[in-house]
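Sequence order for the protein chains is A and B. Here the first sequence stands for residues 0 to 431, where the numbers follow numbering that gives the first Met the number 0. Here the second sequence stands for residues 0 to 244, where the numbers follow numbering that gives the first Met the number 0.
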Amino acid sequence: MRISGWGNYPVIDSSVDSPLSPTQVEHCMLAGFNGIARGMGRSYGDSSLSSHVISGLSLHHLLDFDNETGVLRCQAGVTLADILDLFVPRGWFLPVTPGTKFVSVGGAIASDVHGKNHHIDGSFCEHITELDLMLADGRIERCSATHNRELFHATCGGMGLTGIILSAGIRLKPITSSYIDEVTLKAPDLTAIIEMFEQYLSSTYSVAWIDCAARGKRMGRSLLMLGEHAIDAPLRNATPHNRSLPFNMPEHTLNRYSIKAFNSVYYHRKFFARQQRRIHYDPYFYPLDGVLHWNRLYGKKGFTQYQFVLPQESSAEGMRQVLERIVSAGRGSPLAVLKSFGRENDNFLSFPRQGLQLALDFKINDGVFEFLNDLDSIVLDHGGRLYLTKDARMSEAMFKQSYPRWQQFMDVRTRYGADKVFNSLQSKRLGI
Amino acid sequence: MQRVMIIGATSAIAEATARVYAKRGDALALLARNQERLQSMAEDLKIRGANKVLTRVIDVNDTENHTTSLDGTIAELDGVDVVLIAHGTLPDQRACEADISLTLNEFATNATSTIALLTHLANHFEQQGKGQIAVISSVAGDRGRQSNYVYGAAKGALTIFLQGLRNRLAPKGVQVLTIKPGFVDTPMTAEFKKGLLWAQPEQIAKGIVKGIDKRKDVVYLPFFWRYIMIIIRSIPERIFKKLKL
Ligand SMILES: Cc1cc2nc3c(=O)[nH]c(=O)nc-3n(C[C@H](O)[C@H](O)[C@H](O)COP(=O)(O)OP(=O)(O)OC[C@H]3O[C@@H](n4cnc5c(N)ncnc54)[C@H](O)[C@@H]3O)c2cc1C
Ligand SMILES: NC(=O)c1ccc[n+]([C@@H]2O[C@H](COP(=O)([O-])OP(=O)(O)OC[C@H]3O[C@@H](n4cnc5c(N)ncnc54)[C@H](OP(=O)(O)O)[C@@H]3O)[C@@H](O)[C@H]2O)c1
Numbered sequence: 000m001r002i003s004g005w006g007n008y009p010v011i012d013s014s015v016d017s018p019l020s021p022t023q024v025e026h027c028m029l030a031g032f033n034g035i036a037r038g039m040g041r042s043y044g045d046s047s048l049s050s051h052v053i054s055g056l057s058l059h060h061l062l063d064f065d066n067e068t069g070v071l072r073c074q075a076g077v078t079l080a081d082i083l084d085l086f087v088p089r090g091w092f093l094p095v096t097p098g099t100k101f102v103s104v105g106g107a108i109a110s111d112v113h114g115k116n117h118h119i120d121g122s123f124c125e126h127i128t129e130l131d132l133m134l135a136d137g138r139i140e141r142c143s144a145t146h147n148r149e150l151f152h153a154t155c156g157g158m159g160l161t162g163i164i165l166s167a168g169i170r171l172k173p174i175t176s177s178y179i180d181e182v183t184l185k186a187p188d189l190t191a192i193i194e195m196f197e198q199y200l201s202s203t204y205s206v207a208w209i210d211c212a213a214r215g216k217r218m219g220r221s222l223l224m225l226g227e228h229a230i231d232a233p234l235r236n237a238t239p240h241n242r243s244l245p246f247n248m249p250e251h252t253l254n255r256y257s258i259k260a261f262n263s264v265y266y267h268r269k270f271f272a273r274q275q276r277r278i279h280y281d282p283y284f285y286p287l288d289g290v291l292h293w294n295r296l297y298g299k300k301g302f303t304q305y306q307f308v309l310p311q312e313s314s315a316e317g318m319r320q321v322l323e324r325i326v327s328a329g330r331g332s333p334l335a336v337l338k339s340f341g342r343e344n345d346n347f348l349s350f351p352r353q354g355l356q357l358a359l360d361f362k363i364n365d366g367v368f369e370f371l372n373d374l375d376s377i378v379l380d381h382g383g384r385l386y387l388t389k390d391a392r393m394s395e396a397m398f399k400q401s402y403p404r405w406q407q408f409m410d411v412r413t414r415y416g417a418d419k420v421f422n423s424l425q426s427k428r429l430g431i
Numbered sequence: 000m001q002r003v004m005i006i007g008a009t010s011a012i013a014e015a016t017a018r019v020y021a022k023r024g025d026a027l028a029l030l031a032r033n034q035e036r037l038q039s040m041a042e043d044l045k046i047r048g049a050n051k052v053l054t055r056v057i058d059v060n061d062t063e064n065h066t067t068s069l070d071g072t073i074a075e076l077d078g079v080d081v082v083l084i085a086h087g088t089l090p091d092q093r094a095c096e097a098d099i100s101l102t103l104n105e106f107a108t109n110a111t112s113t114i115a116l117l118t119h120l121a122n123h124f125e126q127q128g129k130g131q132i133a134v135i136s137s138v139a140g141d142r143g144r145q146s147n148y149v150y151g152a153a154k155g156a157l158t159i160f161l162q163g164l165r166n167r168l169a170p171k172g173v174q175v176l177t178i179k180p181g182f183v184d185t186p187m188t189a190e191f192k193k194g195l196l197w198a199q200p201e202q203i204a205k206g207i208v209k210g211i212d213k214r215k216d217v218v219y220l221p222f223f224w225r226y227i228m229i230i231i232r233s234i235p236e237r238i239f240k241k242l243k244l
C-alpha cells in the first residue's frame, strides 16, 4: 500500500497491519514485526513511514470514563474528533489540542502535541494519567509520570520509537459552553508581537498569524488571536464538514503572488486594532479541518512544514534573521503560525521549550531544500530546534545537536529492546 | 428504546452502526466470534450511551448452535426489535478455483450461515408480528464477475432469499431490508487501493440506520451504486462475458 504523511512527501510502499485487539498486536510482535506505528497520518514527513507499519486505528474503543474526575481511558486509535463529538455535549473538552482534530490519541502522545494554551497548560502528555505500551517482546508495560518514569518520558514525544501505545488515560477539562470568546489584536511589527505575547500571558489561548511577506519596517506584522472559553453559551456539537478537495491541484495554484495577495488580504481584513467575536470551538481550533485534504492544494510533489522554536533569549534576533531570509528568497508561506511557548517538560524528545516558535509551509520544488538548510543554520546558531512530527529532511547532526537528551532516549530504547524493532524512515535518517 | 441484536458485530460496518444505536440510548446484543474484541466493544458502546450491552460468542458456521444462541440472546435482551446480520468474508477467488472445500466454506460463511440464522429468526419475528430484519448483502450479488463470483454468488443467493422472506413477512408487519454496500474501507478490503468510489464505515452505518428507520426494502450504499449497478446489469451477456471485470 502507498502511504505518506500529511505533506505527501515522501510517499512509500508499505505493508500495513491493522490489529483489532491488543492480542493481535502481540501476534504482530511475536511474528517479528520491524517498523513503526501509525495513526491518522497527520504528521507531515516520514515519522510514521516504514516498509512495515502497524496502524493503531482499529484500536478505537473507549475503555472507561470517570464523571467526577473527567479522566477518559481509551485505546490509542481513538481520534480527538471522536472524543470531542461525544464529550463536548457532556461538558468536557480536550486539555490540549493541535490545529487538527483528525489525529489519534496514540499520535498525539507520540508527538507530545501542543496547542494554543501551551504557555499555560503545557503539552498533551502533561495531561496523560498513564499509558499502556506494547514492548518489542509483546509484553505490555504501564507507565506514567510516577511509575516507570523513564519509559513514560521516552514514549511521550518519542515518535513511536519505544513501542506501540495501546491505550492511555487523558484528563479532560470541564467546560460550560462549546464557544470561545476571541479577541484579535494587530501587531505592526516583530517587536510589538513579542511584547504582546508577554502582555497577554494570562490568556488561556494565544497564537499569532504572521505575514512572512512583509518587509522593512513592517517585518513581522501579525494578528494576535486570544481566546477564552465562553461561560454563558450553549454546549453544542460541531456541524459536519464535508468540503473535501478530491484532487491534487495543478502545481501553480499557490504561487508567490497568490500567497502574497492572500497574506495582505488577511491582514487588512481586520480594520480595527481590536476585534471581538464569539465563535464555536470547531472553526476556532480547526479552521482547516473544514476543507478535508487541503494538503492536496500543494500538488503532487507535496510540501513540507518547517516548524522551529528558538530559546527565549535569542528568539527576537533569530526570528528576525529567519524572516529576512524568507523575504530575500521570495519564498512565502500562506500559513505562518507564531506562538510563544511555556516551559519545557521532562520528555526526552518533546519539541516545545520556552521561546518563540514559527511554523511555515513550503511546497517541494527546486531549491527548497537548499533554502531550508540555510534556515537550519540560523535556527542552530540561535540554539533552536525543529519539530520532529513536521520534519522530513533534517540532518542527523542537527538533530543530535538540538535535542541534547537524545542519548538518554536511546538508553531507554536499548534497555527495552526497542532500538532493534521500532524504526521509521525518520529515525534511520536521524541516526536513532 | 429499541432492542437491537447484531450478528457479526465486530465487523467495521456493524460496529459503526452499533455506535449510532448506542448514541440513541438503545439496548444492544452483540454476537461475534472474537471474545476480546466483543468485550472491549461492549464497554465502548456503554460509554457512548447504550442503555445496556450484552455479548455472546458465536461462529456463524456452527449452525447446530444457532437456535440456542439466538433464543438465549433474545431472552437476555428481553425481546428484540431490530436484527442486523453483518458477518462476511471476502474469498480469494483464485484460491477458490483450485479448492472445492474452500469454495464451499466461503459460500457457507457468506450465504448458508446467514440463511440458517434467518430461518430461525424469521419464525420468531413472524410470531411476534413486528420488528425489523436488516442483512448486509453486496452490490457484488447483482451480477457475477470473473474476479469474485464465489462471493458474488453467495451474496446473490442471500439477496434472493431476502426477497422471498420479505414477501412472506411483509403482510405480518415485519420489515426485511437488503443492504447493498459498494466499496467500503474496512479490514475486509485492507489490501485494496482506495479511490473516489470508496466509502467509510460510518457513512454506510448512517445509511443502514436510515434504511431501517424508514422501513425500506433495499438500499444501495452510498446511493450512487444503484445507478452503477443498473448500468452493469444492463450490459448484454454476450458483451459482458468478454469484459475483464
Ligand atoms: C492541519 C494540521 C495542524 C496541526 N497542528 C498541530 C499543532 O497545532 N500542534 C501540534 O503539536 N501538532 C500539530 N499537527 C501535527 C499533528 O498533531 C501530529 O503530527 C500528530 O502526531 C498526528 O497524529 P496522527 O494520529 O496522525 O499520527 P501519525 O501521523 O500517524 O504518526 C505520528 C507519530 O506518532 C506515532 N504513533 C502513532 N500512533 C502510535 C501508537 N499507537 N503508538 C506509538 N506511536 C504512535 C507514529 O509512529 C509517528 O511517529 C498538525 C497537523 C496538521 C495536519
Ligand atoms: N467492505 C466492503 O467493501 C463491503 C462491500 C459490500 C458488502 N460488504 C459486506 O459488509 C459486511 C461487513 O463487512 P466489513 O466490510 O465490515 O468487514 P469486516 O470488518 O472484515 O467484518 C467481517 C466480519 O465478519 C466476521 N466473520 C467472518 N467469519 C465469521 C464466522 N465464521 N463467524 C462469525 N463471524 C465471522 C468477522 O469476524 P472476525 O473478526 O472474528 O474474523 C468480522 O467481524 C460483510 O457481510 C461484507 O460482505 C462489505
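Just so it is clear, CB atoms sit at the ideal spot from N, CA and C, and this is done for glycine as well.
| Check | Outcome |
| --- | --- |
| Partner residues on chain A for residue 36 of chain B, Cβ-Cβ distance less than 8 angstroms | 19 and 20 |
| Neighbour list for residue 42 of chain B in chain A, Cβ cutoff strictly below 8 angstroms | 60, 61, 62 and 63 |
| Residue-level contact to chain B via CB, residue 57 of chain A, 8 angstroms cutoff | yes |
| Residue 244 of chain A classed as buried or exposed, judged by whether at least 16 other C-beta atoms fall within 10 angstroms | Reliability fails at residue 244 of chain A, whose pLDDT of 48 lies under 50, so the model's placement of it is uncertain and the value that follows must be treated cautiously. Burial call: exposed. |
| Through-space distance from residue 32 of chain A to residue 430 of chain A, alpha-carbon basis | 20 angstroms |
| Delimiting residues of the beta strand (DSSP E) encompassing residue 168 of chain A | 163-170 |
| Heavy atom of ligand 1 within 7 angstroms of residue 98 of chain A beta-carbon | yes |
| Proximal residues, the stretch 180-206 of chain B versus chain A, C-beta separation under 8 angstroms | 186, 189, 190, 192 and 195 |
| heavy atom of ligand 2 below 7 angstroms from residue 18 of chain A C-beta | no |
| Within-8 angstroms CB hit, residue 85 of chain A to chain B | yes |
| Contact test: residue 158 of chain A Cβ vs ligand 1 heavy atom, cutoff 7 angstroms | yes |
| Touch test, the stretch 396-407 of chain A against the stretch 111-121 of chain A, Cβ-Cβ under 8 angstroms, three pairs minimum | no |
| CB of residue 134 of chain A within 8 angstroms of CB of residue 386 of chain A, strictly | no |
| Endpoints, the alpha helix (DSSP H) within which residue 104 of chain A is located | 104-109 |
| Residue 5 of chain A: CB within 7 angstroms of a non-hydrogen atom of ligand 1 | yes |
| Residue closest to residue 2 of chain B, alpha-carbon to alpha-carbon, out of B/37, B/140 and B/82 | B/82 |
| Integer Cβ distance of residue 69 of chain A from residue 51 of chain A, believed to fall under 8 angstroms | So it is not a contact: roughly 37 angstroms between Cβ atoms. |
| Residue of A/139, A/128, A/123 and A/149 minimising C-alpha distance to residue 412 of chain A | A/149 |
| DSSP state of residue 242 of chain A mapped onto helix, strand, coil | Low per-residue confidence applies at residue 242 of chain A: pLDDT is 40, beneath 50, and the placement is therefore not dependable, though the value from the model is reported in the following sentence. Note: residue 242 of chain A maps to coil in three-state DSSP. |
| beta-carbon residue 46 of chain A near ligand 1 non-hydrogen atom, thresh 7 angstroms | yes |
| Short Cβ contact (8 angstroms threshold) for residue 215 of chain A with residue 322 of chain A | no |
| Sequence-ordered residues whose beta carbon comes within less than 6 angstroms of a heavy atom of ligand 2 | B/7, B/9, B/10, B/11, B/12, B/31, B/32, B/33, B/58, B/59, B/60, B/85, B/86, B/87, B/88, B/108, B/135, B/137, B/180, B/182, B/183, B/185, B/186, B/187 and B/188 |
| Contacting residues, own chain, Cβ-Cβ under 6 angstroms from residue 72 of chain A (five flanking each side not counted) | 62, 63 and 168 |
| Alpha-carbon spacing of residue 158 of chain B relative to residue 175 of chain B, whole angstroms | 11 angstroms |
| CA-to-CA distance, residue 38 of chain A to residue 103 of chain A, given in whole angstroms | 6 angstroms |
| Option in B/49, B/110, B/134 and B/170 with minimal Cα separation from residue 90 of chain B | B/110 |
| Inter-residue Cα distance where the pair is residue 203 of chain B and residue 111 of chain A | 33 angstroms |
| Length of the line joining the Cα atoms of residue 225 of chain A and residue 150 of chain B | 57 angstroms |
| Neighbour-count burial assignment, residue 56 of chain B, 16 or more Cβ in a 10 Å radius | exposed |
| Chain A contact residues for residue 39 of chain B, given Cβ-Cβ distances below 8 angstroms | 20, 60, 62 and 74 |
| Any non-hydrogen atom of ligand 1 within 7 angstroms of residue 65 of chain B CB | no |
| Where residue 81 of chain B falls: helix, strand or coil (DSSP) | strand |
| C-alpha distance - residue 98 of chain B paired with residue 87 of chain B, whole-angstrom precision | 19 angstroms |
| Element boundaries [alpha helix (DSSP H), containing residue 149 of chain B] | 148-168 |
| Residues near residue 75 of chain A by beta carbon distance below 7 angstroms, same chain, minus five either side | 55, 58, 103, 104, 105, 164, 165, 166 and 167 |
| Neighbouring residues, chain A, relative to residue 33 of chain B (Cβ below 8 angstroms) | 19 and 20 |
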